[in-house]
Amino acid sequence: MNNEFVTSERSNAQMSTRLIHQASELQEQVRVARMYYLEEQSKSDIAKTLGISRFKVARILAQAREDGVVSITIKDMAPINWELSRQLANHWNIKALVTDSERGTQAEVRKAVGRATAGVLVESLQQGEILGLAWGRTLTVMTEYLSKLPHISVVQLTGSVTSDLTESPVELVRKTSLNMGAEAFPIIAPLVLGDEQAVSALKCHPQVKVAFELFDDITTAVLAVGSWDPPVSQLLPAMAEEDREALIGLGVRAEVAGIFVNDEGDILGDEFSSKCLSISASQVQAIPRVIAAAGGTVKVDALRAVVRSGLVTEIVTEHTLAKAALELPPITPRGNPARKPMA
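Residue numbers for the sequence shown follow numbering that gives the first Met the number 0, so the first one is 0 and each next one is one higher.
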């Protein structure tokens, strides 16, 4: 029994020693990883501070990743086709960013354009800006790739078109604001209402009123583009048949944020727009920077019409739409003297 007791005691002591050693190694990995990844110290500086060699620092960092102490996540932005971007910018006389979509399916196209649009915002938004967001499946994807945004405010530009909360502009604003802990200004109401009186009444609601009062201070807006011919639009099926047919009769080619344009870039449908709880065309025209995001050859004519209207200052698209656009005659956007300069 005494021998067994001694053996057991020795085993427990050895186990304790191993646990202490493992805990010490873990603390060392955490300390070195924190200094290297979070405090951005060089391996040489860490080595000097801890009194160890630079090679040991490298081994500790490698072991930390192998043991799962350090996990690295890369939110890869979409690959940019700089040559097509240059060609499209010259062809349409507008700032353009063209990404490469992988397989060309609608889902892949939205993913590519959404990722690229997120990359544009991450790289360019400045502290204190007010970001305006409309709705759209491409913008829904965009929110998945937003990270490390500066402290800004996010305001919803329109009421909701769909009852699907995952694609609602309310959800877009919520998810975007969560990425930087910013204050969100949603519009929890439908886009299309029965008449102007209903719109006026909702604009007086305190929450809606706050959002509308911010429209004139928006510095950057992001709009998805809906196509009416061919029909690829979330708004189109949500409208009353009478209104839909009337707008088609006017020659509407595209819509952004409840604003309708034809092939020549004319803004149409004022009578219907007055029934929509949304930012006005004149307010969009005054925003210093307006980005239109759209992809797929099916939307080439719609995006072309929106660019011609002068509503937007830059576009984000993908290679299939860009190539289709280059086969059409060049265009020049309408001048917009009302647009405010960027601060």
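Don't be surprised by glycine CBs; every beta carbon is placed ideally from N, CA and C.
Paired residues, beta bridge with residue i - DSSP
| i | result |
| --- | --- |
| Trp227 | Pro230 |
| Pro189 | Ser159 |
| Glu254 | Gly225, Phe259 |
| Phe211 | Paired residues: none, contrary to the question. |
| Ala285 | DSSP, once it has assigned bridges, lists no residue as partnering Ala285. |
| Thr316 | Val97 |
| Val154 | Gly131, Phe184 |
| Ser277 | Thr157 |
| Ala197 | None, per the DSSP bridge assignment. |
| Thr219 | Leu130, Arg288 |
| Leu267 | Phe259 |
Distance, residue j Cα to residue i Cα
| i | j | result |
| --- | --- | --- |
| Ala253 | Ala304 | 7 Å |
| Lys274 | Tyr35 | 57 Å |
| Gln28 | Arg58 | 10 Å |
| Gly334 | Val31 | 56 Å |
| Leu359 | Val260 | Here the chain covers residues 0 to 342 and nothing more, so residue 359 does not appear. |
| Leu177 | Leu171 | 10 Å |
| Leu302 | Glu65 | 48 Å |
| Asn89 | Thr331 | 10 Å |
| Leu327 | His318 | 15 Å |
| Leu120 | Gly50 | 43 Å |
| Gln126 | Leu148 | 9 Å |
| Ser52 | Gln40 | 15 Å |
| Val283 | Lys110 | 25 Å |
| His204 | Trp134 | 21 Å |
| Lys94 | Pro340 | 15 Å |
| Ile266 | Asp216 | 22 Å |
| Ala61 | Ala291 | 43 Å |
| Thr142 | Leu222 | 13 Å |
| Ala183 | Glu128 | 13 Å |
| Pro229 | Ile187 | 30 Å |
| Leu276 | Met238 | 13 Å |
| Leu83 | Ser123 | 21 Å |
| Pro329 | Arg33 | 53 Å |
| Asn11 | Lys42 | Confidence in Asn11 is poor, its pLDDT being 48 and thus under 50, which makes the residue's placement unreliable; the coordinate value appears in the next sentence. Taking the straight line from one Cα to the other gives about 37 Å. |
| Asp262 | Val251 | 8 Å |
| Ala285 | Ala106 | 32 Å |
| Trp227 | Pro236 | 10 Å |
| Tyr144 | Asp194 | 37 Å |
| Asp300 | Leu87 | 14 Å |
| Ser199 | Ser167 | 22 Å |
| Pro169 | Asp44 | The displayed chain sequence assigns Val, not Pro, to residue 169. Rounded to whole angstroms, Val169 to Asp44 spans 47 Å at the Cα level. |
| Arg136 | Ser70 | 31 Å |
| Lys174 | Arg338 | 28 Å |
| Ala115 | Arg85 | 16 Å |
Beta-carbon proximity check, residue i vs residue j, cutoff 9 Å
| i | j | result |
| --- | --- | --- |
| Thr218 | Leu130 | yes |
| Thr139 | Gly113 | yes |
| Lys298 | Val231 | yes |
| Ser308 | Gly264 | yes |
| Ala280 | Ile314 | no |
| Leu96 | Thr316 | yes |
| Leu201 | Val207 | yes |
| Val160 | Pro189 | yes |
| Ala210 | Val255 | no |
| Leu156 | Ala197 | no |
| Ala324 | Trp91 | yes |
| His150 | Ala181 | yes |
| Val68 | Leu25 | yes |
| Thr98 | Ile79 | yes |
| Thr312 | Pro287 | yes |
| Thr246 | Val191 | For clarity, residue 246 is Leu in the given sequence; the question names Thr instead. In this structure, Val191 does not lie closer than 9 Å to Leu246 by Cβ. |
| Ala46 | Lys55 | yes |
| Val289 | Leu310 | yes |
| Gly295 | Val108 | yes |
Heavy atom of the ligand NAP within 8 Å of residue i beta-carbon
| i | result |
| --- | --- |
| Arg243 | Judged by which ligands are present, the structure shown has none, so any question about the ligand NAP falls away. |
Any chain C beta carbon closer than 9 Å to residue i
| i | result |
| --- | --- |
| Arg114 | Protein chain content of the structure displayed is limited to a single chain, and chain C is not contained in it. |
Query raised in the report: Is the number of C-beta pairs between the segment 232–247 and the segment 260–273 that are closer than 8 Å three or more?
Result: yes
Query raised in the report: Where are the beta strand (DSSP E) runs, 3 residues long or more, that stay fully inside the segment 55–106, in chain order?
Result: 94–98
Requested in this report: Entirely within the segment 109–145 and at least 4 residues each: give me those alpha helix (DSSP H) ranges in chain order.
Outcome: 136–143
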